[in-house]
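Asker: Can you keep this structure in mind? I'll have questions shortly.
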Amino acid sequence: MTQPDRPLSPHLGVYRWQVSNTLSIVHRLTGVMLSAGAVVFTAWLVATAGGPDAYLGVVGVLRSPPGVLALVGWTFCFFYHLCNGIRHLCWDAGYGFGISQARASGFAVVAAAVLLTVVFWLVVAIGNGS
Amino acid sequence: MALRSPLGRALGLGSAKSGFGHWWGQRLSAGALVLLGLWFAVSLLGLASTDYWAVAAWVGEPRHAILLILFLITLLYHSSLGVQVVIEDYVHEAPAKVSALVVNRFLHVALAVAGVYSVVTLSVGGQA
């Protein structure tokens with residue numbers, strides 16, 4: 000390279016931290032986490048096809064305390080990436096570009112993701128209790 | 000060669016003309032995943048408190064098997080596009096970048112084949 004000192008995109012150092020770029024980075028982070036989750040999802044399918052022993056091996060890990068913690072994390076990543084992805088699709092269609100709109104939709108996405116995660120695990124807890 | 004400026008070497012080449020396909024594929028799979036992902040999340044709620052045989056039977060049911068395969072392939076396609084962009088953004092040295100992009104594709108295809116094979120196995124009956 001003849002000009003190695005030029006900043007390369009994304010050059011995070013020049014941004015002031017605010018809602019919009021924080022949520023954008025979280026979108027990417029949750030996406031990468033969900034890619035890792037896809038490995039576990041596939042392992043779950045392979046184990047199910049492999050028979051009861053293989054299934055219980057994978058599900059045993061997922062039902063351990065660290066496993067449940069990881070599943071709760073993935074649930075949040077899933078709902079956040081889903082809600083914020085819809086926000087991105089709205090932007091792609093040309094809607095919601097105002098600064099106040101983008102801030103409001105950002106907070107709405109975080110609130111919806113937290114709420115959906117809590118509701119999801121409440122339903123699981125109720126199902127396991129009965 | 001050495002006499003040409005970096006700008007001179009870049010000018011006139013035009014775009015690679017393949018960026019739109021990536022962008023559109025990511026959006027299209029995102030839209031499909033809104034529906035398929037919500038279906039899968041709701042389905043998991045029903046499976047959370049069941050045993051192995053109920054889960055195996057559920058996956059093997061034709062309607063569920065078809066939706067699971069659709070979900071898995073769309074998910075892995077979307078995931079491979081997303082991870083590709085992350086690699087392109089953060090890995091700049093050519094050998095590491097190219098090998099990371101190749102490994103990314105290989106892993107996603109391997110996962111898709113393993114997952115689809117498993118669902119089909121459960122659907123036609125019998126264990127892998």
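These protein sequence lines map, in sequence, to chains A and B. If you're matching positions, the first sequence starts at 0 in numbering that gives the first Met the number 0 and goes up one per residue. If you're matching positions, the second sequence starts at 0 in numbering that gives the first Met the number 0 and goes up one per residue. C-beta atoms are modelled at their ideal positions from N, C-alpha and C, and glycine is treated no differently. Note that the structure is a prediction, hence the values are computed from the model and not measured.
Among B:Glu60, B:Val123 and B:Ile72, which residue has its Cα nearest to the Cα of Leu106 (chain B)?
Answerer: With distances taken between Cα atoms, Leu106 (chain B) lies closest to B:Ile72.
Asker: Which residues in chain A sit within 8 angstroms of Thr120 (chain B), going by Cβ to Cβ distance?
Answerer: Ala48
Asker: In chain B, what lies closer than 8 angstroms to Phe77 (chain A) by C-beta?
Answerer: Ordered by position in chain B, the residues that pass the 8 angstroms Cβ test against Phe77 (chain A) are Gly36 and Ala40.
Asker: Among B:Leu100, B:Val84 and B:Val118, which has the Cα closest to the Cα of Gly24 (chain B)?
Answerer: Out of B:Leu100, B:Val84 and B:Val118, B:Val84 has the C-alpha closest to the C-alpha of Gly24 (chain B).
Asker: Note down, in chain order, every chain B residue with its Cβ under 8 angstroms from the Cβ of Ser34 (chain A).
Answerer: Near Ser34 (chain A) (Cβ distances below 8 angstroms), the residues of chain B are Ser78, Gly81 and Val82.
Asker: Whole-angstrom Cβ separation of Leu88 (chain A) and Gly30 (chain B), contact assumed at under 8 angstroms?
Answerer: 7 angstroms
Asker: By DSSP, does His77 (chain B) sit in helix, in strand, or in coil?
Answerer: helix
Asker: Given that a residue counts as buried once 16 or more other Cβ atoms are within 10 Å of its Cβ, and exposed if not, what is Gly124 (chain B)?
Answerer: By the neighbour-count rule (16 or more Cβ atoms within 10 Å), Gly124 (chain B) is not buried but exposed.
Asker: Is there at least one Cβ from chain A nearer than 8 angstroms to Leu75 (chain B)'s Cβ?
Answerer: Yes - at least one Cβ of chain A is within 8 angstroms of the one on Leu75 (chain B).
Asker: So which residues of chain A does Gly30 (chain B) contact, with C-beta pairs closer than 8 angstroms?
Answerer: Leu88
Asker: So Ser48 (chain B) packs on Asn83 (chain A), CB below 8 angstroms; how close in whole Å?
Answerer: About 30 angstroms separates the two Cβ atoms, so there is no contact after all.
Asker: With H, G and I counted as helix, E and B as strand and the rest as coil, what does DSSP make of His91 (chain B)?
Answerer: Coil, per DSSP.
Asker: Comparing alpha-carbon positions, which option in A:Val38, A:Gln17, A:Ser23 and A:Asp4 lies nearest Ile85 (chain A)?
Answerer: A:Ser23
Asker: Should Val33 (chain B) be flagged as near chain A, meaning a C-beta pair shorter than 8 angstroms?
Answerer: yes
Asker: Distance cutoff 8 angstroms, beta carbons only. Does Gly116 (chain A) sit that close to anything in chain B?
Answerer: In the sequence under discussion, the amino acid at residue 116 (chain A) is Thr, which differs from the Gly named in the question. At a cut-off of 8 angstroms between beta-carbon atoms, Thr116 (chain A) makes no contact with chain B.
Asker: Does Val108 (chain B) get closer than 8 angstroms to chain A when you measure Cβ to Cβ?
Answerer: Closer than 8 angstroms: no.
Asker: Helix, strand or coil, according to DSSP, for Ser17 (chain B) in the structure here?
Answerer: coil
Asker: Let me see if you follow: with CB-CB separation under 8 angstroms, is Ala99 (chain B) close to chain A or not?
Answerer: no
Asker: Label Asn20 (chain A) either buried or exposed according to how many other C-beta atoms from any shown protein chain fall within 10 Å of its C-beta, with 16 as the threshold for buried.
Answerer: exposed
Asker: For Gly114 (chain B) and Thr41 (chain A), what's the separation of their Cα atoms in angstroms?
Answerer: 5 angstroms
Asker: What do you reckon, are the CB atoms on Leu110 (chain B) and Leu75 (chain B) nearer than 8 angstroms?
Answerer: yes
Asker: Counting pairs of Cβ atoms below 8 angstroms between the stretch 73-83 of chain A and the stretch 108-126 of chain A, do you hit three or more?
Answerer: yes
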